[in-house]
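Colleague: Pasting a structure below so you can have a look.
2 protein chains.
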Amino acid sequence: MSSKREILIDKATELFASGGYTAIGIDRILAEAGVAKMTMYKHFPSKQHLILAVLKQRDEVFRTSLITYVKQHNTPIDKLRAVFKWHHEWFARPDFSGCMFINASAEFQDATTDIHQAAAQHKQLLTHYLETLLGDIFPASAKKLAVQINILLDGAIVAAQVTSNHNAAKEAWEVAECLLKQSSHQQA
Amino acid sequence: MSSKREILIDKATELFASGGYTAIGIDRILAEAGVAKMTMYKHFPSKQHLILAVLKQRDEVFRTSLITYVKQHNTPIDKLRAVFKWHHEWFARPDFSGCMFINASAEFQDATTDIHQAAAQHKQLLTHYLETLLGDIFPASAKKLAVQINILLDGAIVAAQVTSNHNAAKEAWEVAECLLKQSSHQQA
DNA sequence: AACAATATAGACAGGTCTGTATACTAGCAA
DNA sequence: TTGCTAGTATACAGACCTGTCTATATTGTT
Numbered sequence: 061m062s063s064k065r066e067i068l069i070d071k072a073t074e075l076f077a078s079g080g081y082t083a084i085g086i087d088r089i090l091a092e093a094g095v096a097k098m099t100m101y102k103h104f105p106s107k108q109h110l111i112l113a114v115l116k117q118r119d120e121v122f123r124t125s126l127i128t129y130v131k132q133h134n135t136p137i138d139k140l141r142a143v144f145k146w147h148h149e150w151f152a153r154p155d156f157s158g159c160m161f162i163n164a165s166a167e168f169q170d171a172t173t174d175i176h177q178a179a180a181q182h183k184q185l186l187t188h189y190l191e192t193l194l195g196d197i198f199p200a201s202a203k204k205l206a207v208q209i210n211i212l213l214d215g216a217i218v219a220a221q222v223t224s225n226h227n228a229a230k231e232a233w234e235v236a237e238c239l240l241k242q243s244s245h246q247q248a
Numbered sequence: 061m062s063s064k065r066e067i068l069i070d071k072a073t074e075l076f077a078s079g080g081y082t083a084i085g086i087d088r089i090l091a092e093a094g095v096a097k098m099t100m101y102k103h104f105p106s107k108q109h110l111i112l113a114v115l116k117q118r119d120e121v122f123r124t125s126l127i128t129y130v131k132q133h134n135t136p137i138d139k140l141r142a143v144f145k146w147h148h149e150w151f152a153r154p155d156f157s158g159c160m161f162i163n164a165s166a167e168f169q170d171a172t173t174d175i176h177q178a179a180a181q182h183k184q185l186l187t188h189y190l191e192t193l194l195g196d197i198f199p200a201s202a203k204k205l206a207v208q209i210n211i212l213l214d215g216a217i218v219a220a221q222v223t224s225n226h227n228a229a230k231e232a233w234e235v236a237e238c239l240l241k242q243s244s245h246q247q248a
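Protein chains in written order, with the working numbering: chain S, 61 to 248; chain P, 61 to 248.
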């Protein structure tokens, strides 16, 4: 429906990602989106609400893209490898600027704020998805492994963002492989 | 020497850590530090220079603390375990608010800026330190292992910050242990 | 005591920030 | 026509931002 709302969210996503949530002002988003200020304040009562809408859409787009990509693979191990491959391709994109949720929780440290909680929820949803993937092979230790693989993925994101390490996803996958190998031995 | 300079850096560190670099204004730092504005601008020609001074001190304090802690342990494996234990204790501190360098590179995405480069350098110095620790056991693969263990540490930091996972360092260490075990088999 | 270095308060410029108020326009539907 | 909805332009309030300026005070050293 309201196309202006979508335009606003898309442009805000782009600018927040590359410029930070605090540093990017409303006026800049409005100018680049070609939307009047009052239109924005009718859709979003405050900047904070716009940020939350951005994060909500980002969470959906991000997870849908990943899950769709992984679905194209068959075996559980292939699926897990695909998770890291998806990250590898993400890191290589010219507009890659780290994880918007990690960045959001950096700027909004207070864990009781809605924005920080939105970031935490995204990470939890991702961990839960990993748990479903792992449940097919290691039902007993799926939960713990999911947390550990999530740590590897977040570490790779940070390495790609901070030190521009383009191999971070591959290096992280090798660690994950090692972990999975050990788990299959322990299972036997 | 100039105690005012130190007071400024300490207070700025505290405020930037919990409030973000952009969101915290000079005036707030000056008021809480009890320092006049002109005094600050004599020591630091701009806010950016103050941020750089904060990061420089943080890098030194951080690495010195870690290295001192690790030195109390003897065997190479014990030293590596101590690295994760140090992080575990860091995460448990009430003023823990993530890694100031990860947070800085989130707010200053442009990799050509001095601030982003200071963040990257810190991570590289840390990786290099890990490499020296690993060199004692796995001289051939120390470089690669150092990068991978650094990914684990950064992932743990993110987990502790975003989702308040207080066990992140322990979970990451178990993964590292697995990696080290595999490396010692391959070496033989 | 004289000097230089360091720090001080407080006002100020010029800009930006979020959010509000007002008055106007265009399209659509009953 | 009438009325409703969505959007626009523009100005504004009030706060906050970085950085500069001036004139004064404090301190330690020689």
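By construction, the Cβ of each residue, glycine as well, lies at the ideal position given by its N, Cα and C atoms.
What residues of chain P sit near S:S165, judged by a beta carbon separation below 7 Å?
Modeller: Here residue 165 of chain S corresponds to residue number 105 of the first sequence, with the count starting at 1. Neighbours of S:S165 on chain P, chain order: Q221 and V222.
Colleague: Would a C-beta distance cut-off of 8 Å place P:I67 and P:A93 closer than the cut-off?
Modeller: Working through the second sequence from its first residue, we reach residue 67 of chain P at position 7. Working through the second sequence from its first residue, we reach residue 93 of chain P at position 33. Yes, Cβ-Cβ distance for P:I67 and P:A93 is below 8 Å.
Colleague: Going by C-alpha distance, which of S:L185, S:A180 and S:L193 is nearest P:V222?
Modeller: Indexing the second sequence from 1 puts residue 222 of chain P at position 162. Ranking S:L185, S:A180 and S:L193 by Cα distance to P:V222 puts S:A180 first.
Colleague: With distances taken Cα to Cα, identify the nearest neighbour of P:L213 among P:R88, P:G85 and P:G158.
Modeller: The residue labelled residue 213 of chain P in the question sits at position 153 within the second sequence. With distances taken between Cα atoms, P:L213 lies closest to P:G158.
Colleague: What whole-angstrom Cβ distance do P:V143 and P:L126 have, given they're in contact under 8 Å?
Modeller: Against the second sequence, residue 143 of chain P aligns to sequence position 83. Against the second sequence, residue 126 of chain P aligns to sequence position 66. With a Cβ gap of about 7 Å, P:V143 and P:L126 count as contacting.
Colleague: Excluding five sequence neighbours on each side, which residues of the same chain lie with their C-beta closer than 7 Å to the C-beta of S:T187?
Modeller: The residue you call residue 187 of chain S lines up with position 127 of the first sequence. A206, V207 and N210, listed in sequence order.
Colleague: Helix, strand or coil for S:S201? Go by DSSP, reduced to three states.
Modeller: Position 141 of the first sequence, counted from the start, is the residue given in the question as residue 201 of chain S. Three-state result, S:S201: coil.
Colleague: At a Cβ cut of 9 Å, what residues of the stretch 74-89 of chain P count as close to chain S, listed as they run along the chain?
Modeller: So the close ones are A77, S78, G79, G80, Y81, T82 and A83.
Colleague: Is the stretch 81-89 of chain S touching the stretch 122-136 of chain S, taking contact as three or more C-beta pairs under 8 Å?
Modeller: Counting Cβ pairs under 8 Å, fewer than three are found: no touch.
Colleague: Is it the case that the Cβ atoms of P:A166 and S:G215 are separated by a distance below 8 Å?
Modeller: The residue you call residue 166 of chain P lines up with position 106 of the second sequence. The residue you call residue 215 of chain S lines up with position 155 of the first sequence. Against a cut-off of 8 Å, the Cβ pair of S:G215 and P:A166 comes out as no contact.
Colleague: Taking the alpha helix (DSSP H) that S:T73 falls in, what are its first and last residues?
Modeller: By 1-based counting over the first sequence, the position of residue 73 of chain S is 13. It spans S63 to G79 - the alpha helix (DSSP H) in which S:T73 sits, taken as one unbroken run.
Colleague: Looking at chain S, is there any beta carbon in it that lies within less than 8 Å of the beta carbon of P:F161?
Modeller: Along the second sequence, read from residue 1 onward, the residue named residue 161 of chain P stands at position 101. Closer than 8 Å to some Cβ of chain S, the Cβ of P:F161 qualifies, so yes.
Colleague: Where does S:D119 sit, in a helix, a strand or coil, going by DSSP?
Modeller: If you number the first sequence from 1, residue 119 of chain S lands on position 59. Reduced to three states, the DSSP call for S:D119 is helix.
Colleague: Beta-carbon within less than 7 Å of S:R272's beta-carbon, same chain only, minus the 5 sequence neighbours each way: which residues are those?
Modeller: The question about residue 272 of chain S has no answer here: the residues shown for chain S are numbered 61 through 248.
Colleague: Here's the rule: buried if 16 or more other CB atoms are within 10 angstroms of the residue's CB, otherwise exposed. What is P:N134?
Modeller: For the purposes of this step, residue 134 of chain P is identified with residue 74 of the second sequence, where counting begins at 1. Under this definition P:N134 is an exposed residue.
Colleague: Does the beta carbon of P:K183 sit closer than 8 Å to a beta carbon anywhere in chain S?
Modeller: Reading the second sequence from its first residue, position 123 is the one you call residue 183 of chain P. Judged by the 8 Å Cβ criterion, P:K183 is in contact with chain S.
Colleague: By DSSP, does P:V95 sit in helix, in strand, or in coil?
Modeller: Translated into positions along the second sequence, residue 95 of chain P becomes position 35. Here P:V95 sits in coil by DSSP.
Colleague: Count the other C-beta atoms from every protein chain shown that fall within 10 angstroms of the C-beta of P:S244, then say buried if there are 16 or more, exposed otherwise.
Modeller: Stepping through the second sequence from its first residue, residue 244 of chain P is reached at position 184. Exposed.
Colleague: Assuming the contact rule is C-beta atoms closer than 8 Å, S:I162 and P:V235 should be a hit. Round their C-beta distance to whole Å, please.
Modeller: Counting from 1 along the first sequence, the entry for residue 162 of chain S is found at position 102. Counting from 1 along the second sequence, the entry for residue 235 of chain P is found at position 175. S:I162 to P:V235, Cβ: 19 Å. No contact.
Colleague: May I have the straight-line CA-CA distance separating P:L75 from P:R65, to the nearest angstrom?
Modeller: Position 15 of the second sequence, counting from 1, holds the residue named residue 75 of chain P. Position 5 of the second sequence, counting from 1, holds the residue named residue 65 of chain P. The alpha-carbon atoms of P:L75 and P:R65 are separated by roughly 15 Å.
Colleague: When the Cα atoms are used, what is the spatial distance from S:L194 to S:W146?
Modeller: Counting from 1 along the first sequence, the entry for residue 194 of chain S is found at position 134. Counting from 1 along the first sequence, the entry for residue 146 of chain S is found at position 86. Their backbone Cα atoms lie some 17 Å apart in a straight line.
Colleague: If you measure between the beta carbons of S:I175 and S:L110, is that distance less than 8 Å?
Modeller: One-based indexing of the first sequence puts residue 175 of chain S at position 115. One-based indexing of the first sequence puts residue 110 of chain S at position 50. No, the Cβ-Cβ distance between S:I175 and S:L110 is not below 8 Å.
Colleague: Do you know offhand how far P:Q132's Cα is from P:S201's?
Modeller: For this step, residue 132 of chain P is matched to residue 72 along the second sequence. For this step, residue 201 of chain P is matched to residue 141 along the second sequence. About 25 Å.
Colleague: On the criterion of 16 or more Cβ atoms from any shown chain inside 10 Å, does P:K71 qualify as buried, or is it exposed?
Modeller: On the second sequence, residue 71 of chain P is found 11 positions in, with the first residue counted as 1. Looking at its Cβ environment, which holds 16 or more other Cβ atoms inside 10 Å, P:K71 is buried.
Colleague: Is P:L212 close to chain S? Criterion is C-beta to C-beta, closer than 8 Å.
Modeller: If you number the second sequence from 1, residue 212 of chain P lands on position 152. Cβ-Cβ to chain S under 8 Å: yes for P:L212.
Colleague: Along chain P, in chain order, which residues have C-beta atoms closer than 8 Å to that of S:G158?
Modeller: Taking the first sequence and counting its residues from 1, one reaches residue 158 of chain S at position 98. The contacting residues are S165, A166 and Q169.
Colleague: Chain P beta carbons: is any one of them nearer than 8 Å to that of S:E120?
Modeller: Here residue 120 of chain S refers to the residue found at position 60 when the first sequence is read from its first residue. Output row for S:E120: interface = no.
Colleague: From P:Q242 to P:F156, what distance separates their C-alpha atoms?
Modeller: In the second sequence, residue 242 of chain P corresponds to position 182, counting from 1. In the second sequence, residue 156 of chain P corresponds to position 96, counting from 1. Cα-Cα distance, rounded: 33 Å.
Colleague: For P:E231, which residues in chain S fall below 8 Å Cβ to Cβ?
Modeller: The residue given as residue 231 of chain P occupies position 171 in the second sequence. Under the 8 Å cutoff, chain S gives K204, V207, Q208 and I211.
Colleague: Within its chain, find whatever has a CB closer than 7 Å to the CB of P:A232; leave out the 5 residues flanking it on each side and keep chain order.
Modeller: Within the second sequence, residue 232 of chain P is the residue found at index 172, counting from 1. These residues qualify, in order along the chain: F144, L212, L213, G215 and A216.
Colleague: Skipping 5 residues on each side, what residues in its chain have a beta carbon closer than 8 Å to that of P:K183?
Modeller: Here residue 183 of chain P refers to the residue found at position 123 when the second sequence is read from its first residue. F161, N210 and D214, listed in sequence order.
Colleague: Which residue marks the beginning of the alpha helix (DSSP H) containing S:A179, and which one marks its end?
Modeller: Numbered from its first residue, the first sequence carries residue 179 of chain S at position 119. Element bounds for S:A179: D174 to G195.
Colleague: With 8 Å as the threshold, decide whether the Cβ of S:V242 is near any Cβ in chain P.
Modeller: For the purposes of this step, residue 242 of chain S is identified with residue 182 of the first sequence, where counting begins at 1. Going by the sequence as given, residue 242 of chain S is Gln instead of Val. Interface residue, yes.
Colleague: If we cut at 8 Å on Cβ distances, does S:L239 have a partner in chain P?
Modeller: Looking up residue 239 of chain S in the first sequence gives position 179. True, the Cβ-Cβ gap to chain P drops below 8 Å.
Colleague: Along chain S, in chain order, which residues have C-beta atoms closer than 9 Å to that of P:A93?
Modeller: Looking up residue 93 of chain P in the second sequence gives position 33. Chain S residues near P:A93: none, gap ~20 Å exceeds 9 Å.
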